[in-house]
Every structure is written in structure tokens, then in C-alpha cells.
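Colleague: Adding 14 to a residue's 1-based position in the sequence shown gives its number in the working numbering.
Every residue gets a Cβ at the ideal spot worked out from N, C-alpha and C, and that includes glycine.
Computed from a prediction, not measured in an experiment: that's the story for all the values here.
Take this structure, written in C-alpha cells, and hold onto it; I'll ask about it next.
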Amino acid sequence: MSRFFSRNFAALEAYTPGEQPRDMQYVKLNTNESPFPPTERVSEAALREARRLNLYCDPACTDLRQAAAALYGVSPQNLLPVNGSDEILYFSFLAFCDDAHPAAFPETSYGFYPVYARVNRIPAHTIPLKDDFSIDYRDYCGLGETVVLANPNAPTGMLLPVWQLEEIVRTNPDNVVLIDEAYIDFGGESCVPLTKQYENLLVTQTFSKSRSMAGARLGFGIGSEALIGDLNTIKYSVNPYNVNRMTQAAGVAACEDNEIYMAQCREIMATREDTVKALERRGFRVLPSAANFVFAGTARLPGGDLYRALRRHGVLVRHFDKKLLENYLRITIGTREQMERLLREIDTILETEGTV
Ligand SMILES: *Cc1c(COP(=O)(O)O)cnc(C)c1O
Numbered sequence: 015m016s017r018f019f020s021r022n023f024a025a026l027e028a029y030t031p032g033e034q035p036r037d038m039q040y041v042k043l044n045t046n047e048s049p050f051p052p053t054e055r056v057s058e059a060a061l062r063e064a065r066r067l068n069l070y071c072d073p074a075c076t077d078l079r080q081a082a083a084a085l086y087g088v089s090p091q092n093l094l095p096v097n098g099s100d101e102i103l104y105f106s107f108l109a110f111c112d113d114a115h116p117a118a119f120p121e122t123s124y125g126f127y128p129v130y131a132r133v134n135r136i137p138a139h140t141i142p143l144k145d146d147f148s149i150d151y152r153d154y155c156g157l158g159e160t161v162v163l164a165n166p167n168a169p170t171g172m173l174l175p176v177w178q179l180e181e182i183v184r185t186n187p188d189n190v191v192l193i194d195e196a197y198i199d200f201g202g203e204s205c206v207p208l209t210k211q212y213e214n215l216l217v218t219q220t221f222s223k224s225r226s227m228a229g230a231r232l233g234f235g236i237g238s239e240a241l242i243g244d245l246n247t248i249k250y251s252v253n254p255y256n257v258n259r260m261t262q263a264a265g266v267a268a269c270e271d272n273e274i275y276m277a278q279c280r281e282i283m284a285t286r287e288d289t290v291k292a293l294e295r296r297g298f299r300v301l302p303s304a305a306n307f308v309f310a311g312t313a314r315l316p317g318g319d320l321y322r323a324l325r326r327h328g329v330l331v332r333h334f335d336k337k338l339l340e341n342y343l344r345i346t347i348g349t350r351e352q353m354e355r356l357l358r359e360i361d362t363i364l365e366t367e368g369t370v
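Dropping the structure here:
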């Protein structure tokens, strides 16, 4: 730390992204990316715009808002495109949380929530999961705080039904309820339709996981015109050109190819079900997942040991060195071939290092 660094952030613990190692070719199952490349139409759209990078992009993202609004069944004024949904989360903590509106979220959830609270100096109210890793929606009803929930939750993959989320939204009428739907396309039901009915509901989505655009950085906030207006105030105070020219064009093309991406999501879901069975046959406990990853652990080998052994064998998964989570691995669902490789390496490792 330099002597110039603000005291405000001296104790800040930054978010740790999943590794993106360059030392060798891994089977990469650690950051929940899609194993499928973007469609031809998406790559072509980005390339075309690459020739015009001398010009600023459209700060209003007009074409993209139009295309994404049609995709989500809302109006363009109910939607804000952002530089990855991480950005809309950051904007939302700025816009809708303060001392009078603390941020409430599960103790075990997306690692960015506590970081955004700390960096904005917002009081955080963390609520433990139940013993089975589930979220009890009643913990969030009538809280009178700004509620932030990932649905499905991370890193568990567990899904709440829409009626429970609606109860949370309905019973916190004077606070924003943010539902982070980064993984909703892998089998969950979206809360987007409810945004027409509840002015305090903000839903965030991303093209990173289900639409093969993690590297392009594109996410959306969807909500009432008033909420989107507030978020625009933040955006135009921070970074008006937040979604670059290539990503805007790629995003429009991805909306046009939505059928292809939804078919790929179904393929991932089928692979997920087979992977769950295969892991259970090997003695793993696997949490019920509605995401493009599974959270799984076995008493045969501590999570950290299995993570490191898999890494040595060329397979990267995510391990969280935290109480409650340390015996589990978060494993992204990739292609069939990638999952077969994972299972082969697990078998080899458990044969040599594991207990029966
Ligand atoms: C991946 C992820 C995001 C952020 O994705 P972006 O790439 O920034 O769009 C947000 N929330 C959760 C729970 C995630 O897992």
C-alpha cells in the first residue's frame, strides 16, 4: 500500500476472482463460463464494430436496449445495459443503500456483495443459510432493509421459487429488493415479469454465463422506470460509455441468436443431471443445482486436497477456503467431454489419495 492510499480503503479486502491461469491448458471448470464459443453472428458483429473503435459508443445503448427489451418482454426504459452485471450490482449498492437502508444478503452468497458494501461503506446485514444450505425466504420478509439475493444462489446453485421472492418484495415495500439472476437460464423461473407490478423490484441478468459473452462484459438491470432512472443517474455520474461499441453490437446479435443459446443451456442442464448422478455414485454429496455448476463434496478427501490434486491433473475447479464451504468444490458444467475428463481424474485421485 502506498502512503497515498485513502484511509477509507486501507482495510478493504477486495473480491478474489477465479483464477485465469496461463501456465498450461486446463480443463477450465472454475468460473462458470460457457464452454461454447459465441455464435458466428456475435463474433462478426463485434469484428465489424472493431473497425470503428475511434468513435465513442452510444451511451444510451439504443439498439441494444431495444433488442434486450424484446428478449426480456419489457420496455426499453425498464432496462439498463451495463459492463457485466457486476457493474449493476455496484451501481445498486450506491443507489439504494445507505445508513438508513442497510444491505441484507445471505452470509453465503456471491462474494462481491460484502465487498460492494464495504467499498461504499454501507452497513451489511448478513443472514446465515439453513443447515442444508438453503435460504429461508421468511428471514427476508418485512426486513425494512435493501435485500440482495442471488437466485439461484452462489455457490450452492440452489433455487427459490418465484412466489417466495414475491413475498419478500411485497413485504419490503419501502426498500429495493435486488434479485441477481446470473444463472436463471439454467432451469429457474425469472422474476422479470414481476418488475411490472412492483416498483421496488430490480432484477439483474448477465450474458456472461448463458450466452457465452463473459469476456465481452454485458449485463442488465431490469426494473421500474423510476429505479432505472436512479441507476442511470449513477451511470452518468461514473461512466456514461460503460458498454463498449463491440459489446453493444455483440449483445444485439446474441439477442437474435437467443434460440441457439437456450438450446445450449438445455444441453448444459442435461450434462449437469448426468454429472450429479456420476458424482453421487462416487460418494459425493451434491446440492440440488439450478445453475451451470454444482456444489459437491466427499468425505473421502478434504475439499482443498481434492482441488489441488485436480489442478495438478489439469482440471481447474473453484474451492472456497471458508468455514462451511471448505469441504465442497464448485464445479462448472462444461461439455460432455470435459465432465468425463473431470470424473476420470477424480477416480484416479480418489484411488491413490482418498479413503474408501
Ligand atoms: C458471475 C456472476 C455475476 C456477474 O457476472 P458478470 O460477468 O459481471 O455479468 C453476478 N452474480 C453472480 C451470482 C454471479 O455468479
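(1) When you compare the segment 209 to 219 with the segment 236 to 243, are there three or more beta-carbon pairs, one atom per stretch, that lie closer than 8 Å?
(2) I believe L192 touches V161 by the beta-carbon criterion, under 8 Å. Please report the beta-carbon distance rounded to the nearest angstrom.
(3) Rounded to a whole number of angstroms, what is the C-alpha to C-alpha distance between N375 and V266?
(4) Rounded to the nearest angstrom, what separates L293 and R299 at their Cα positions?
(5) Please indicate yes or no: does the CB of N46 lie closer than 8 Å to some heavy atom of ligand 1?
(6) DSSP puts T362 in a beta bridge; with which residues?
(7) Below 8 Å on the Cβ atoms is my contact criterion, and I expect I141 with P120 to pass it. Report the Cβ-Cβ distance as a whole number of Å.
(8) Would you mind stating whether P116 and E159 have Cβ atoms separated by less than 9 Å?
(9) Can you give me the Cβ contacts of S251 inside the same chain, cut-off strictly under 6 Å, excluding the 5 residues immediately before and after it?
(10) Please return the same chain residues whose Cβ sits closer than 8 Å to the Cβ of L93, not counting the five positions on each side in sequence.
(11) So M172 packs on L301, CB below 8 Å; how close in whole Å?
(12) With respect to 8 Å, is the separation between the Cβ of H197 and the closest non-hydrogen atom of ligand 1 below this value?
(13) Tell me which same chain residues have a C-beta within less than 6 Å of the C-beta of L356, skipping the five on either side of it?
(14) Near F50, what residues of its chain come up, given a Cβ to Cβ distance below 6 Å and the 5 sequence neighbours on each side ignored?
(15) Just to confirm, are M283 and G201 a CB contact at a threshold of 9 Å?
(16) Just to confirm, does G235 get its C-beta within under 8 Å of one of the non-hydrogen atoms of ligand 1?
(17) In whole angstroms, what separates the C-alpha of A268 from that of T261?
(18) Look at the alpha carbon of R358 and the alpha carbon of L324, and state the distance between them as a whole number of angstroms.
(19) Looking only at DSSP bridge pairs, what is T218 linked to?
(20) With DSSP run on the structure shown, which of helix, strand or coil describes F309?
(21) So, does the segment 177 to 188 touch the segment 60 to 75, judging by three or more C-beta pairs under 8 Å?
(22) Find out if the Cβ-Cβ distance for the pair L163, N134 is shorter than 9 Å.
Modeller: Concretely, from the data shown:
(1) The segment 209 to 219 vs the segment 236 to 243: in contact.
(2) Translated into positions along the sequence shown, residue 192 becomes position 178. Translated into positions along the sequence shown, residue 161 becomes position 147. That pair is a contact at about 7 Å.
(3) Nothing about residue 375 can be read from this structure; the chain reaches only from 15 to 370.
(4) Position 279 of the sequence shown, counted from the start, is the residue given in the question as residue 293. Position 285 of the sequence shown, counted from the start, is the residue given in the question as residue 299. Approximately 8 Å, taken between the alpha carbons.
(5) On the sequence shown, position 32 is the one that residue 46 refers to. Under cutoff, so the answer is yes.
(6) Taking the sequence shown and counting its residues from 1, one reaches residue 362 at position 348. The partner list for T362 (beta bridge, DSSP) is empty, contrary to what the question assumes.
(7) Residue mapping note: residue 141 aligns to position 127 of the sequence shown, counting from 1. Residue mapping note: residue 120 aligns to position 106 of the sequence shown, counting from 1. Contact flag correct, Cβ pair sits at about 6 Å.
(8) Position 102 of the sequence shown, counting from 1, holds the residue named residue 116. Position 145 of the sequence shown, counting from 1, holds the residue named residue 159. Going by C-beta atoms, P116 is nearer than 9 Å to E159.
(9) Counting from 1 along the sequence shown, the entry for residue 251 is found at position 237. Excluding residues within five positions, none has a Cβ falling inside 6 Å.
(10) Locating residue 93 in the sequence shown gives position 79, where the first residue counts as 1. The answer, listed in chain order, is R79, A82, A83, Y86, F234, G235, I236 and I242.
(11) As a working note, residue 172 is residue 158 in the sequence shown. As a working note, residue 301 is residue 287 in the sequence shown. With 8 Å as the limit, M172 and L301 qualify as a contact, their Cβ atoms being about 6 Å apart.
(12) Within the sequence shown, numbered from 1, the residue matching residue 197 stands at position 183. According to the sequence provided, residue 197 is Tyr. The question's His does not apply to it. Yes, ligand 1 has a heavy atom inside 8 Å of this Cβ.
(13) Along the sequence shown, one-based indexing puts residue 356 at 342. Answer for L356: V329, listed in chain order.
(14) Here residue 50 is taken as the residue at index 36 of the sequence shown, counted from 1. Scanning its chain for C-beta atoms nearer than 6 Å, with the 5 sequence neighbours on each side dropped, one finds around F50 the residues S226 and Q278, in chain order.
(15) If you number the sequence shown from 1, residue 283 lands on position 269. If you number the sequence shown from 1, residue 201 lands on position 187. Contact: yes.
(16) For the purposes of this step, residue 235 is taken as residue 221 along the sequence shown, with counting starting at 1. No, Cβ of G235 sits at least 8 Å from all heavy atoms of ligand 1.
(17) The residue labelled residue 268 in the question sits at position 254 within the sequence shown. The residue labelled residue 261 in the question sits at position 247 within the sequence shown. Looking at the two C-alpha atoms, the distance is approximately 10 Å.
(18) What you label residue 358 is simply residue 344 of the sequence shown in a count that begins at 1. What you label residue 324 is simply residue 310 of the sequence shown in a count that begins at 1. The straight-line gap from Cα to Cα measures roughly 10 Å.
(19) Position 204 of the sequence shown holds residue 218. DSSP lists D194 and G235 as partners of T218.
(20) If you number the sequence shown from 1, residue 309 lands on position 295. Strand at F309.
(21) no
(22) Numbered from its first residue, the sequence shown carries residue 163 at position 149. Numbered from its first residue, the sequence shown carries residue 134 at position 120. Not a contact, by the Cβ cut-off of 9 Å.
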